[in-house]
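**Q** After the structure tokens below, expect a handful of questions from me.
In my numbering, the protein residues as written are 1 to 148.
And the structure:
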């Protein structure tokens with residue numbers, strides 16, 4: 001307790017609160033579980049994550065510079081072939097990532113639609129219940145005998 005009466009949460013309490021509150025949407029968690037269960041999906045995710053990072057850029061800059069300066073006197077034909085093949089494979093991983101993202105977005109949209117429909121049904125049921133109770137109260141007040 002502080003001097004003004006407020007409770008101070010400890011680090012342990014903060015940790016427990018963070019554990020109790022889900023950090024991700026349920027569709028995200030289901031998607032992550034499905035992706036982690038599939039070896040090919042994990043491999044594609046790992047490659048895509050690395051290919052989209054700065055270490056990937058640095059590695060290629062150093063590798064291509066080393067190839068041009070140290071390995072071959074005429075590096076352009078083979079280097080062009082290597083870079084073209086790499087671009088083909090990386091574009092496939094980009095498309096895999098886009099397909100994964102599209103599937104995730106569709107799953108999330110489907111989940112959100114179901115949740116919204118359930119919420120609409122609950123709200124409609126509550127509104128009908130309130131309306132019924134209001135009518136009952138109105139009837140009992142109107143039909144009540146006047147006070148003497």
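We put the CB at the ideal spot given by N, CA and C, even for glycine.
Please read all numbers here as calculations on a predicted model, not as lab measurements.
Please report the straight-line C-alpha distance between residue 26 and residue 131, rounded to a whole angstrom.
**A** Those two C-alpha atoms are separated by around 34 Å.
**Q** Is it buried or exposed for residue 89, if we count other Cβ within 10 angstroms and need 16 for buried?
**A** Answer is exposed; the Cβ neighbour count stays below 16.
**Q** Grouping DSSP H, G and I as helix and E and B as strand, with all else coil, what is residue 24?
**A** The answer is coil: DSSP assigns residue 24 none of H, G, I, E or B.
**Q** Whole angstroms is fine: what's the gap from residue 118's alpha carbon to residue 103's?
**A** Cα-Cα distance, rounded: 23 Å.
**Q** Can at least three beta-carbon pairs, one atom from the segment 105–115 and one from the segment 23–42, be found at a separation below 8 Å?
**A** Output reads yes: the segment 23–42 touches the segment 105–115.
**Q** Below 7 Å between beta carbons: does that hold for residue 35 and residue 44?
**A** In this structure, residue 44 does not lie closer than 7 Å to residue 35 by Cβ.
**Q** Identify which residue in 66, 32, 121, 47 has its Cα closest to the Cα of residue 86.
**A** Nearest option by C-alpha distance: 47.
**Q** Using 10 angstroms around the beta-carbon of residue 113, count the other beta-carbons present and answer buried if the total reaches 16, otherwise exposed.
**A** By the neighbour-count rule (16 or more Cβ atoms within 10 Å), residue 113 is not buried but exposed.
**Q** What do you reckon, are the CB atoms on residue 55 and residue 67 nearer than 7 Å?
**A** Cβ distance not < 7 Å, so residue 55 and residue 67 don't count as in contact.
**Q** Where do the N-terminal and C-terminal ends of the alpha helix (DSSP H) with residue 38 fall, by residue?
**A** Taken as a continuous stretch (DSSP letters only), residue 38 belongs to no alpha helix (DSSP H), as it is neither H nor E.
**Q** Taking only the alpha-carbon atoms, compute the straight-line gap between residue 139 and residue 129 and give it to the nearest angstrom.
**A** Rounded to the nearest angstrom, the two C-alpha atoms are 15 Å apart.
**Q** On the CB-based measure, 16 or more other CB atoms within 10 Å of its CB, does residue 228 come out buried or exposed?
**A** Residue 228 is absent from the structure shown; the chain starts at 1 and stops at 148.
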